[in-house]
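The block underneath contains the structure these notes are about, expressed in structure tokens.
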Amino acid sequence: MSSVLFGLTGLVGTTIILICLFLVQFIFLTDLRISKLKQFYESLSSFIKSLISFINEKIQYIKTKLKSKDESKSNVIVSNEENEQDVEPARIIVNTVTETDNTDDIPIPEIVKRFSLNKTPSAEPEIKITRFNEQSHLHNENKIPSDIKKKEIISKDNYNVNTAEQKNQNPADYDLSAEKSSDENQLEVLEEGKVPVAGKKLVITLNEYEKEAELTNPLSVAIYDEEIDYKPPTFDLLINDNDEYQIDENELKQNAKILQEKLETFKIYIEDLSVTPGPVVTQYEFVPAAGIKISKIESLVDDIALALKAQGIRIIAPIPGKGTVGIEIPNKNPAIVRFSSIVKSSRYHNTNFRLPLALGKTISGEVFCTDLSRMPHLLMAGATGSGKSVGINTIIASLLFKIHPKNLKFVIIDPKKVELKQYEMLENHFLAVSPDLDKAIITDPQDAVIALKAVCAEMDLRYEILASVGQRNIYDYNKKVKDGSLKNHEDYLHKPMPYIIVVIDELADLMLTASKEVEAPIIRLAQLARAVGIHLVVATQRPSVDVITGIIKANFPSRIAYLVASRVDSRTIFDVMGAEQLLGNGDMLFQTGGSPHPIRIQNSYLTTEEIENICEFIGNQKGYSQPYLLPALNDNSASSRTIAKEDRDPLFEEAARLVIRHQQGSVSLIQRRLKVGYARAGRIIDELEAAGVVGSFDGSKARTVLMESESELEAIL
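Residue numbering for the sequence shown follows the numbering used here, starting at 150 and increasing by one per position.
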């Protein structure tokens, strides 16, 4: 009762306060007469009286109700009518609850009790790689105790990987490692199933008594399980002629005097002249007098060549890192730089390069070695007879003398058919081949396209493996494998990846016959393949813009130029002139990506007899049982064979309908809509081509869709 009165009093007080505030505002903020104020006061008094009368009536009503309720309680102790809520007894019941909290008597299902008592093991969860459609996926595996027997039968209608609710999920998140049971409408969850973890997809493994699969290496055949007793080539296979050149001091003094007199003719005075003799070329170095323009000296190249009666004059103004001008003049009696002198040198023998290339000697007579893995690709260009093929043989031989077959493989493409044929003897030692081809040395342009696509597939597979173990490049991955830091998983065996070098002897012939099909994989490899240990060595005798396109040139920062026909060809290779002034016979300019000026080098000479001796020495040794196999493509240009329906990708039908619906046969469309990786989307496109849904590969363009409606698709499903 007192609480009700307190509430009503508060309501009245609040109302009075609000009225007073309104009154103050009314008096001080408005300009009204006294009569108006009196009228307002009378109306306000009447309202307050009515409010007080209403409150008194309510108080009286509440008193009457409470009194009648107390009288009814004195006559009835407990009332349990169905439609009546008894407040007081309910409160009494709650207050009399006993303190029995023991829940042991509460029945708990056996399976629930075991899961509640089973503690999570403290050890790290095992990492399991499951494979679905040749793709690897990682899962955390928590196993149920072996004493738990599964009794639940999951209906196939309730579990279907391809249901509408799961069509946006990756099918690889499910692992069905055994065949279906005889009952096609049920999947039995057997012992050793997995415990569902919150937030993770359930992986159901059907363990039926089957033979355990052996560990395989998805990169190639398991050649690493073989140990071969390999011996590198020896020096006695090479010609050991003494290639030490004799310095003719009289010739040097005579050339220096003629050079000084000719420069003075054009009012270019020099006092000190230093000479650096080399095996083929001698460099004359001087400091021009003050006020002489460098461009004036560069313009005198033809006049100096006329005065010295020599070809191949090259002016370097200024020499990088020096404040001098250099003029390179060929020797009258040039020496032959033998390959034996390069591989016997301490610079080559003591190098720690991963892929050492012994190119030759500089103009100062120093052995020049570089690392292909840092280039990372090499473009070679020069006219016929300038020394390109000898340069390729030098590059291959310098790697054969230094690296074991398990760490290096070659893919050799020789459209000329005769230049690199002798390396067929190294098939089971150093060659990587495509299983879709029957030749170790590729000579046909269409076969070259297949081989380049196979190398691209190898690159994609290597990237998937590196990503699965969190490594950024092949060097770190191989180091982890050798240290034992990467543990083998149930269906994958970690082994060191060999470096792969793709050698193309004549790019112009490939670009002439299949330019679009050849250019696309070369560009992909040049852009991406470095991190996974795949490198390109490409040579051409026609360095024109239709062969060395802008995008190819941009992705080959390291280049070698032999003698070319014109200044335009030199600019195509280096963006500068100079290659047209070379002597030929292995005289070359070499430029890396970080060097603003090319270096002049005399390529070492390797005869055909020496190459045959090296190949026979290696080929006569016991090699691996088979060559290194690149990934097989799903079709040999899709027209030579078909794919069985049971071998198709599970997403084949959905991809076919998607392509027909959008009339666009592109890998990127399948990637985006079906949420798959590039490699799998590419295989699906190849299957669609084999089935006649899309046309053949057309470079960077989307494939032509050959079917106009989905009704045509039903005939091949």
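Every residue gets a Cβ at the ideal spot worked out from N, C-alpha and C, and that includes glycine.
Item, Value
"Does the segment 726 to 746 come close enough to the segment 518 to 537 that 3 or more CB-CB pairs lie under 8 Å?", "yes"
"Does the beta-carbon of GLY470 have 16 or more other beta-carbons within 10 angstroms, so that it is buried, or is it exposed?", "exposed"
"With burial defined as no fewer than 16 other Cβ atoms inside 10 Å of the residue's Cβ, what is the status of THR519: buried or exposed?", "buried"
"Following the continuous beta strand (DSSP E) through THR431, name the residue where it begins and the one where it ends.", "430 to 435"
"Distance check for ILE865 and ARG822, CA to CA, integer angstroms please.", "22 Å"
"How many whole angstroms separate the CB atoms of GLY531 and LEU656, which I take to be in contact at a CB cut-off of 8 Å?", "GLY531 to LEU656, Cβ: 12 Å. No contact."
"Go through its chain and collect everything with a Cβ distance to ALA347's Cβ below 8 Å, but skip five positions before and after it.", "Any answer about ALA347 is weak, because its pLDDT of 42 lies below 50 and its placement is not dependable; what the coordinates show is given next. Around ALA347: no qualifying Cβ."
"Return the chain-ordered ranges of every alpha helix (DSSP H) run that is complete within the segment 782 to 861 and spans a minimum of 4 residues.", "801 to 811, 816 to 823, 827 to 839"
"Report the option in VAL567, ASP596, LYS565, LEU557 whose CA atom is closest to the CA atom of HIS578.", "LEU557"
"If contacts are defined as beta-carbon pairs under 8 Å, then PHE723 and ALA710 qualify, I think. What distance do you get, rounded to the angstrom?", "6 Å"
"Would you mind working out which of MET608, GLY727, ASP695, PRO437 sits nearest ILE748, comparing C-alpha positions?", "GLY727"
"Can you grab the Cα-Cα spacing for the pair THR741 / VAL725, in whole Å?", "14 Å"
"In the DSSP assignment, find the unbroken alpha helix (DSSP H) run with GLU400 in it and report its ends.", "398 to 414"
"Spell out a yes or no on whether the segment 646 to 656 and the segment 673 to 684 are touching, meaning 3 or more CB-CB pairs, one atom from each, closer than 8 Å.", "yes"
"On the criterion of 16 or more Cβ atoms from any shown chain inside 10 Å, does ASN356 qualify as buried, or is it exposed?", "Only weak support exists for where ASN356 lies, its pLDDT of 35 falling under 50; the coordinates are left without a value."
"Quick one: is the Cβ of ASP378 within less than 8 Å of any heavy atom of the ligand ZN?", "The ligand ZN is not among the ligands present in this structure, which contains no ligands whatsoever."
"Are there 16 or more other CB atoms within 10 angstroms of the CB of VAL582, so buried, or fewer, so exposed?", "buried"
"Just how far apart, CA to CA, sit ALA828 and ILE590?", "26 Å"
"Beta-carbon separation of LEU635 and TYR624 under 9 Å?", "no"
"Extract the residue ranges of the alpha helix (DSSP H) inside the segment 579 to 642, only unbroken runs of 4 or more that lie entirely within it.", "594 to 617, 623 to 632"
"Taking THR853 and VAL843 to be in contact with their CB atoms under 8 Å, please state how far apart those CB atoms are, rounded to whole angstroms.", "7 Å"
"Could you give the DSSP three-state label for ASN752: helix, strand or coil?", "strand"
"Going by CA-CA distance only, name the one from ILE478, SER707, GLU376, GLN751 that's closest to ILE491.", "GLN751"
"Check this for me: beta carbons of LEU457 and ILE562, under 9 Å apart or not?", "no"
"How is the alpha helix (DSSP H) around GLY699 delimited, first residue to last?", "699 to 703"
"Looking at LEU800 and VAL825, is the spacing between their C-beta atoms short of 9 Å?", "yes"
"Might you give, ordered along the chain, the residues of its own chain that have their beta carbon closer than 7 Å to the beta carbon of TYR497, omitting 5 neighbours on each side?", "ILE491, PRO505, ALA507, VAL516, CYS518"
"With the cut-off set at 9 Å, would you say VAL651 and LEU575 are in Cβ contact?", "no"
"Count the other CB atoms, across all protein chains shown, that sit within 10 Å of the CB of PRO554; report buried if there are 16 or more and exposed otherwise.", "buried"
"Are the beta-carbon atoms belonging to ASN704 and ILE672 less than 9 Å from one another?", "yes"
"If you run the structure through DSSP and keep just helix, strand and coil, what is PHE203?", "helix"
"Please say whether ILE819 and ILE833 have beta carbons closer to each other than 9 Å?", "yes"
"In three-state DSSP terms, what is HIS684?", "strand"
"Nearest-angstrom Cα distance between LYS771 and LEU586?", "23 Å"
"Quick one: what's got a C-beta closer than 8 Å to ALA675's C-beta in the same chain, skipping five residues either side?", "HIS526, LEU685, ILE701, ASN704, PHE705"
"Sort out for me which residues DSSP pairs PRO745 with in a bridge.", "None, per the DSSP bridge assignment."
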